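Q:
2 protein chains.
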Amino acid sequence: MNVERLARYLPFLSWAREYDKESATHDGLAALILTLLLIPQSLAYAMLAGLPPVVGLYASIFPPIAYALLGSSRTLAVGPVAIVALLTASALTPMFEPGSADYIQAALLLALLSGGVMLVMSLLRIGFLINFLSHPVVSGFISASSILIMLSQLRHILGINTQGDTALALLRSTIKALPDTHLPTLAIGGLSLVFLYLARRFGKTGLAALGLSLRKAATLTKAAPLLALLVGALSVHFMHLDQQGVAVVGKVPQALPAFALPVFDLDLVVKLLPLAVLISLVGFIGSVSVAQTFAARRRQRISPNQELLALGGANLITALSGGMPVSGGFSRSVVSYEAGAQTPLAGALSAIGMALTVVFVSPLFESLPRAILAAIIIVAVLTLVDLGQLKRTWQYAWQDGAAMLATMLGVLFFNIEVGILTGLSLSLLLFLWRTSHPHIAVVGQLPGSQHFRNVARFDVVQSESVLSIRVDESLYFPNARYLEDRIAQLIASHPSARHLVLMCSGINLIDASALESLEAITERLHTSGVQLHLSEVKGPVMDQLRRAQFLDQFGGRVFVSHYEALLLLDPITTRRTQDALPTHCPISPESNHLKELN
Amino acid sequence: MNVERLARYLPFLSWAREYDKESATHDGLAALILTLLLIPQSLAYAMLAGLPPVVGLYASIFPPIAYALLGSSRTLAVGPVAIVALLTASALTPMFEPGSADYIQAALLLALLSGGVMLVMSLLRIGFLINFLSHPVVSGFISASSILIMLSQLRHILGINTQGDTALALLRSTIKALPDTHLPTLAIGGLSLVFLYLARRFGKTGLAALGLSLRKAATLTKAAPLLALLVGALSVHFMHLDQQGVAVVGKVPQALPAFALPVFDLDLVVKLLPLAVLISLVGFIGSVSVAQTFAARRRQRISPNQELLALGGANLITALSGGMPVSGGFSRSVVSYEAGAQTPLAGALSAIGMALTVVFVSPLFESLPRAILAAIIIVAVLTLVDLGQLKRTWQYAWQDGAAMLATMLGVLFFNIEVGILTGLSLSLLLFLWRTSHPHIAVVGQLPGSQHFRNVARFDVVQSESVLSIRVDESLYFPNARYLEDRIAQLIASHPSARHLVLMCSGINLIDASALESLEAITERLHTSGVQLHLSEVKGPVMDQLRRAQFLDQFGGRVFVSHYEALLLLDPITTRRTQDALPTHCPISPESNHLKELN
């Protein structure tokens, strides 16, 4: 096998050959910056997942290396991310005590299963299945999950104990425990929240106003969480706040992860599989959309199946090396890109940084207040809550808005699976509903032209003996009988019609149900003395119709253009209209609303 | 309320006012012929449903009267039909002993529920829901049900006992019981089968050859079942075959049905409801398609919601008057139509015929052999088994063929609900799959024209700087990301492109997912220096796009025609191509395959 073919499966081969010193310098610098961002994120997302913080660090070592070898994106940075951490927690919390040995083992199994699901999807080339997760459903899921995440982190900010899986239960539990608020914890958590929020909101412009370049200001802003952690750790250390009841991370093992197979329990596998599938899909969607955004900037290509393979590999390796389920992260990819990373080697180099962190820096984490990690999580997911999106989606199409709202309510008040399944079912049903009564227009000829337009929208001429109908939808089972009904209606109200020409420019598919309906329509039209014809049938639809008897039996003709049909069936009216003075503006009203080419 | 408005809800008002002596004569004659057909059918379908034969007679009295008052079809004849009888049996047999008092009560409740479901659907105007039962699924269901019906009736022909719900169980049970075959019963059943089959197959042409008019021959042929019953009853009576073990109908109460409410048992209601919904849907589909076929012949209109109301009323009245679930029947409607029925009064008059039959003729039914009723059922449903349809559907579109096959296998080897649900799910999934990777063509200009065609099918000219793409599918969630991916691919392979014009003539809908994808595409194209434009956007799609920010933000233009777009974006190539000599035949190759106007 030559290198080109091999490079399709091991994309790093395509850039490794051209790798030079300059790229190495860029990647090295980016890796350093990335490491500084990854330390607080890894600790925080492990805590969000209900796992010991070191697990987050472990999950930032081998997965980026696996991705660097297999991934088709040159920019995507892989590791623990908020949504996947939440999914992990919601899968495992009902079964085990968070942080317990069983819980940690189950998290590894979950990562293994997610990796397995991704690899299987990649091998079967069924990555396209994610397409069925509609945008409104995904976006509703992310907003609602982020709200759940924030609610679940409130307890660390307030220093209280809460429990519950749903938004309502968490809120109620939090309000009930409010009197127990631990004031020193609240002070640390609240200050961190404010600081991190202001840094994210105004850090870049503020630093730029102080004279830094925009790019440097942006990168420096990303160090805010690290700064917060540093100040927090020092405060705890010197003021002995942990002895006053401020929860801290505690002892972190100063050892690199040991490789081991997760304990394989078939019962547990069956229980975890649905969530593993969900983690795979959600992680995959997130990663691919981030990767595609960056790839477009450099006119590079992302192969979804290769991405599945790479993310699957990353999850397998995290399962074998004591980590947690991982995915591609947006913020870390931005940081890596803006810090000048040229290749996935930047991610792999940051893995070395994380390994060094574990070995040499982790004793410092002992005094890290959990409240600051919670503040980091809350500020990170705050931007993911987009209620304006719900409004915009509803305005654009209430069907999509309804699917989004149903997903959000389901996630918030039941659980994640209920939310997503409800949203998906609603998306599907409302789509079927929309296409079940398609736009069917009677069309007439625009005077002075060969064009045919809706008689309700334009001042057109209709033939007495030929009824022209345009259907703006593929013909398939949900609308097949509707078509029969509408045509019966139209024929009953046009008693002088002897021909009916169906303009098929909007028909992309005619399924077997619709074919039978066309046969029924033909037969019923015959009994009332009308002949059916088709015009402007698309190539693929025509190819398929030829495989049936319909074209031989329906007795009509198929015309390449609607004008040609009318010219043959009612030459006098058609020619007279064509020669008439135009009564319409030559460009349809749409143009007026549009601005000039920029 | 004036009569016109009232007539919308009581359609008989529209014909009752013009009713005259001539119509009455026609209707009276048709009613007589209809009654002669209905007697054997009613007895047979009651037996098929596992009910005493008199129930079938009862179900032929009041339901046609209710339909005559409420129905919008002037031809549809309502009463017991084979498929609905089978559904009744398959609902009740697992719960009660066929023919027992509980069984009969449950059948009444089932009719009441079906009627209720239809009325509710009519009031909510959700009759369109039947559209989701695709033709291949319905057709597969009918073929498989007919096979089940035939297998279940074999025991009456052979004079044996069999049991089982599935095709396999029935076959196995029949083969096991073959040695017990009762030869006198087999002789009667076999002879009837042969006679009825020959009468149906050759009766009409045979009688016509003897000098009868085709119409009279057709009507007379329909009397074959009655003749078979008469001969059978006389043979039993004079040869005392019943004492030799030939099963007969036995005592039939010589009384008109008494009105009573069915016993209302909530547990039973919950159990029967799914089948009641199925009976409603299947009965409704059957009736509407029969009614539409006849309405078209006279350019009359059928109102599906009014039909639901009428069929619902017919089922309620049958439940109150000791009948069984009813629906519109095809063969009886044909007979009624061919016998010259002018209005639904023919059906109502046949009800009087049936009532007279119950009172005066039913003692004669005592000696009717069940084997002949079974033969009548078998020959009636034989025409409903259409395996050729499966082959044709598969050839036309394997996706539809697969849905049909799945329905058939499900009905035959599991049960009716499994079959229909499997078929429906498969229809839906395969439709989504088909639309999830739409036909996307790069188009170029046909020399010497303003038309743009697929570069793979036609010898066209492409602009260097403008990439033209046509999508032949509505843009919605299953294909939104596919579009992103394909456009990324196409842009990567056309590095010189500065503009991309999306030709939207085949796009009937852009949902929120696709809108977000278009936004993502726009942004990614921008980062690689390409501007997106749209052309030939349909009115309704344009209306919807205006409700979003997209048109203001995407930076491109919307062109009324694709030619206009190219003329502005690459005037030199476009004008030169337009002025070039045509290299293509003026009419596309499709036309050659089509025959002349008949």
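Sequence lines, in order, name chains Z and R. Quick note on the working numbering: the first sequence kicks off at 477 and runs consecutively. Quick note on the working numbering: the second sequence kicks off at 477 and runs consecutively. Glycine is no exception: its CB is placed at the ideal position from the N, C-alpha and C atoms. Since this is a predicted model, take the numbers as computed values, not measurements.
With a CB to CB cut of under 8 Å and the five nearest residues on each side skipped, what residues in its chain are close to Leu690 of chain R?
A: These residues qualify, in order along the chain: Lys680 and Ala684.
Q: On a CA-only basis, which of R:Ala582, R:Ile853 and R:Val739 is nearest Pro701 of chain R? Give me that one, please.
A: Closest option to Pro701 of chain R, Cα to Cα, is R:Ile853.
Q: Okay, do the region 532-546 of chain R and the region 811-829 of chain R touch, 3+ Cβ pairs below 8 Å being the bar?
A: The answer is yes - the region 811-829 of chain R touches the region 532-546 of chain R, with three or more Cβ pairs under 8 Å.
Q: DSSP beta-bridge partners for Ile916 of chain R?
A: Beta-bridge pairing links Ile916 of chain R to R:Val947.
Q: Any chance the region 863-881 of chain R sits against the region 895-914 of chain R, with 3 or more Cβ pairs inside 8 Å?
A: With the cut-off at 8 Å, the region 863-881 of chain R and the region 895-914 of chain R touch.
Q: Along the alpha helix (DSSP H) that carries Ser803 of chain Z, what are the first and last residues, could you check?
A: Where Ser803 of chain Z is concerned, there is no enclosing alpha helix (DSSP H), although the beta strand (DSSP E) it sits in stretches over Ser803 to Gly805.
Q: For Met477 of chain Z, count neighbouring C-beta atoms within 10 Å of its own C-beta (all shown protein chains included) and say buried if the count is 16 or more, exposed if not.
A: With a pLDDT of 48 at Met477 of chain Z, under the threshold of 50, the modelled position of this residue cannot be trusted, and the question is left open.
Q: From Leu744 of chain R to Pro570 of chain R, what distance separates their C-alpha atoms?
A: Looking at the two C-alpha atoms, the distance is approximately 12 Å.
Q: Assuming Met597 of chain Z and Leu605 of chain Z are in contact, meaning their beta carbons sit under 8 Å apart, how far apart are those beta carbons, in whole angstroms?
A: Met597 of chain Z to Leu605 of chain Z, Cβ: 7 Å. Contact.
Q: Could you confirm whether any beta carbon from chain Z is found closer than 8 Å to the beta carbon of Asn781 of chain R?
A: Cβ-Cβ to chain Z under 8 Å: no for Asn781 of chain R.
Q: His830 of chain Z and Ser536 of chain Z look like a contact to me (Cβ under 8 Å); what is the Cβ gap, rounded to whole Å?
A: Sequence inspection shows Met at residue 830 of chain Z; the His mentioned does not correspond to that position. With a Cβ gap of about 5 Å, Met830 of chain Z and Ser536 of chain Z count as contacting.
Q: What separation, rounded to the nearest whole angstrom, lies between the Cα atoms of Asp1076 of chain Z and Ala1041 of chain Z?
A: Residue 1076 of chain Z is absent from the model: chain Z starts at 477 and stops at 1074.
Q: Under the three-state reduction of DSSP, which class applies to Gly1082 of chain R: helix, strand or coil?
A: Nothing about residue 1082 of chain R can be read from this structure; chain R reaches only from 477 to 1074.
Q: Mapping DSSP to helix, strand and coil, what is Leu706 of chain Z?
A: Helix.
Q: Below 6 Å CB to CB, which residues in the same chain sit around Ala1075 of chain R once its five sequence neighbours on both sides are set aside?
A: For residue 1075 of chain R there is no data in the structure shown, the boundaries of chain R being 477 and 1074.
Q: Taking three-plus beta-carbon pairs below 8 Å as touching, is the region 941-955 of chain R in contact with the region 984-992 of chain R?
A: These segments touch.
Q: With a threshold of 8 Å on Cβ separation, who are the neighbours of His1069 of chain Z within its own chain once the five nearest residues in sequence on each side are excluded?
A: Since pLDDT at His1069 of chain Z reaches only 33, below the 50 mark, its modelled position is unreliable, and the value read off the structure follows with that caveat. If we look at His1069 of chain Z and ignore the five residues flanking it on each side, it has no Cβ neighbours.
Q: Assess contact between the region 964-976 of chain R and the region 883-901 of chain Z, defined as three or more Cβ pairs (one per stretch) separated by less than 8 Å. Is contact present?
A: With the cut-off at 8 Å, the region 964-976 of chain R and the region 883-901 of chain Z do not touch.
Q: Anything in chain Z within Cβ reach of Tyr952 of chain R, meaning under 7 Å, just list it in chain order.
A: Those are Phe907, listed as they occur along chain Z.
Q: Applying a beta-carbon distance threshold of less than 9 Å, which residues of chain R neighbour Tyr958 of chain Z?
A: Within 9 Å Cβ-Cβ: Phe604 and Asn607.
Q: So for Pro845 of chain R, helix, strand or coil by DSSP?
A: Reduced to three states, the DSSP call for Pro845 of chain R is strand.
Q: Just mark Phe637 of chain R as buried or exposed, buried being the case when its beta carbon has 16 or more other beta carbons within 10 Å.
A: Note that residue 637 of chain R is Asn in the sequence shown here, rather than Phe. That one is exposed.
Q: Out of curiosity, what's the CA-to-CA distance linking Ala723 of chain R and Ile892 of chain R?
A: One C-alpha to the other measures close to 29 Å.
Q: Any beta-carbon of chain R closer than 8 Å to the one on Lys473 of chain Z?
A: The requested residue 473 of chain Z is not part of the displayed model; chain Z covers only 477 to 1074.
Q: For my contact list, Lys698 of chain R and Leu513 of chain R are in at a C-beta cut-off of 8 Å; report their separation, rounded to the angstrom.
A: Between Leu513 of chain R and Lys698 of chain R the Cβ distance is about 5 Å, and since that is below 8 Å, they are a contact.
Q: Can you check whether the C-beta of Asp862 of chain Z is within less than 8 Å of a C-beta belonging to chain R?
A: No, its Cβ sits nowhere closer than 8 Å to a Cβ of chain R.
Q: Does the beta carbon of Asp1046 of chain Z sit closer than 8 Å to a beta carbon anywhere in chain R?
A: No, Asp1046 of chain Z lies away from the interface with chain R (no Cβ there is under 8 Å from its Cβ).
Q: List the whole-angstrom C-beta distance separating Ala964 of chain Z from Gln768 of chain R, where the pair is believed to meet the contact cut-off of C-beta under 8 Å.
A: That pair is a contact at about 7 Å.
Q: Does the Cβ of Ser901 of chain Z have 16 or more other Cβ atoms within 10 Å, making it buried, or fewer, making it exposed?
A: Classification of Ser901 of chain Z: exposed, given that the 10 Å Cβ count is below 16.
Q: Per DSSP, what kind of secondary structure is Phe1035 of chain R in: helix, strand or coil?
A: Here Phe1035 of chain R sits in strand by DSSP.
Q: Residues in the same chain with beta-carbon distance under 7 Å from Pro529 of chain Z, minus the five sequence neighbours each way, listed in chain order, please.
A: The answer, listed in chain order, is Leu519, Ala522, Met523, Val725, Val728 and Phe841.
Q: For the region 486-516 of chain Z, enumerate the residues whose C-beta is nearer than 8 Å to any C-beta of chain R, in chain order.
A: Cβ contacts with chain R: none found.
Q: Out of Z:Asp862, Z:His1038 and Z:Ala879, which one is the CA nearest neighbour of Gln926 of chain Z?
A: Looking at the Cα atoms, Z:His1038 is the closest of the given residues.
Q: Quick check on DSSP: helix, strand or coil for Ile986 of chain R?
A: Three-state result, Ile986 of chain R: strand.
Q: With distances taken from CA atoms, which of Z:Ala734, Z:Gly635, Z:Glu783 and Z:Thr833 is nearest Thr794 of chain Z?
A: Nearest option by C-alpha distance: Z:Ala734.
Q: Taking CB distances under 8 Å as the criterion, tell me whether Gln768 of chain R reaches chain Z.
A: For Gln768 of chain R, the answer is yes, since a Cβ of chain Z falls inside 8 Å of its Cβ.
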